[in-house]
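All residue numbers for the sequence shown refer to the UniProt record's numbering, where the first residue is 1 and numbers rise by one. In what follows, a structure is listed as structure tokens, so that the remarks can point back to it.
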Amino acid sequence: MTNTPPSNTLGALLIDNARLLRRRFDDRARAMGLTRAQWNVLVHLARSEGINQAGLADLMEVEPITVGRQLDRMEEAGWITRVPDPADRRIRRVHMTDKAKGVLGHMRELAQGVYAEALKGFDDAAREALIEGLTRLRANLSEPSSEAPEAEAPTPARRRGRGHGPNQ
């Protein structure tokens with residue numbers, strides 16, 4: 001890859017393609033009154049109906065406050081409801097409304113259409129090779145790196161802070 005232009009490196013290509021997929025999906029989903037982020041919430045709720053906000057944030061790999069704001073907007077728009085947990089009133093369970101359940105199938109079709117556009121010109125073997133390669137890439141990057149630098153143990157000066165220790 002030494003002579004590869006910077007715009008054609010693995011990282012650049014992955015980032016560009018992910019951005020373009022998101023943009024294409026957003027353009028199509030906007031007509032339904034949903035954003036891609038809201039669609040992502042609904043996909044997770046379809047798999048885990050009644051999950052609490054913290055659990056949803058874990059599934060989505062975002063902070064609970066981020067999910068909370070998203071849920072506020074979605075509840076206001078009639079996509080979800082939050083119901084107090086009967087066993088613990090501090091916990092609110094998130095449920096899709098009938099409105100949300102009614103668009104799930106259409107959103108899946110929309111996503112499949114975007115994927116079909118992205119894979120136009122790929123034969124079955126090329127599609128399969130791409131999926132296998134990306135799956136392997138994800139697995140490789142999900143494993144702990146053997147080359148990751150070990151975290152340095154804090155020195156006494158670092159533990160005390162700069163200039164704030166008794167000997168400073």
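Every residue, glycine too, gets a C-beta built ideally from N, C-alpha and C.
Closer than 7 Å: residue i CB and nearest the ligand SAH heavy atom
i	result
residue 90	This structure lacks the ligand SAH, and indeed carries no ligand of any kind.
Nearest candidate by alpha-carbon position, reference residue i, set the options
i	options	result
residue 22	39, 125, 7, 11	39
residue 133	5, 14, 3	14
residue 32	5, 107, 124	107
residue 52	84, 123, 124, 131	84
residue 11	145, 142, 137, 146	137
Proximity of residue i and residue j at Cβ, strictly below 8 Å
i	j	result
residue 93	residue 82	yes
residue 19	residue 117	no
Close Cβ partners of residue i (< 6 Å) along its chain, the five nearest in sequence each way excluded
i	result
residue 42	100
residue 119	127
residue 162	Low confidence applies here, because residue 162 scores a pLDDT of 41, under 50, leaving its location unreliable and the question unanswered by this model.
residue 157	Unreliable positioning characterises residue 157 in this predicted model, as indicated by a pLDDT of 46, which lies under 50. A coordinate reading is not provided.
residue 16	none
Cβ-Cβ separation, residue j to residue i (assumed contact under 8 Å), whole Å
i	j	result
residue 48	residue 59	7 Å
residue 181	residue 104	No answer is possible for residue 181: the residues shown for the chain start at 1 and end at 168.
residue 79	residue 97	6 Å
residue 95	residue 55	Not really, about 13 Å apart at Cβ, beyond 8 Å.
8 Å Cβ shell around residue i - same chain, five flanking residues per side excluded
i	result
residue 86	none
residue 75	81, 82
Beta-carbon contacts of residue i that lie in its chain and below 7 Å, excluding the five residues immediately before and after
i	result
residue 72	none
residue 63	57
residue 135	none
Pair every Cβ in the segment 25-32 with every Cβ in the segment 99-113, then say whether three or more of these pairs are closer than 8 Å. yes
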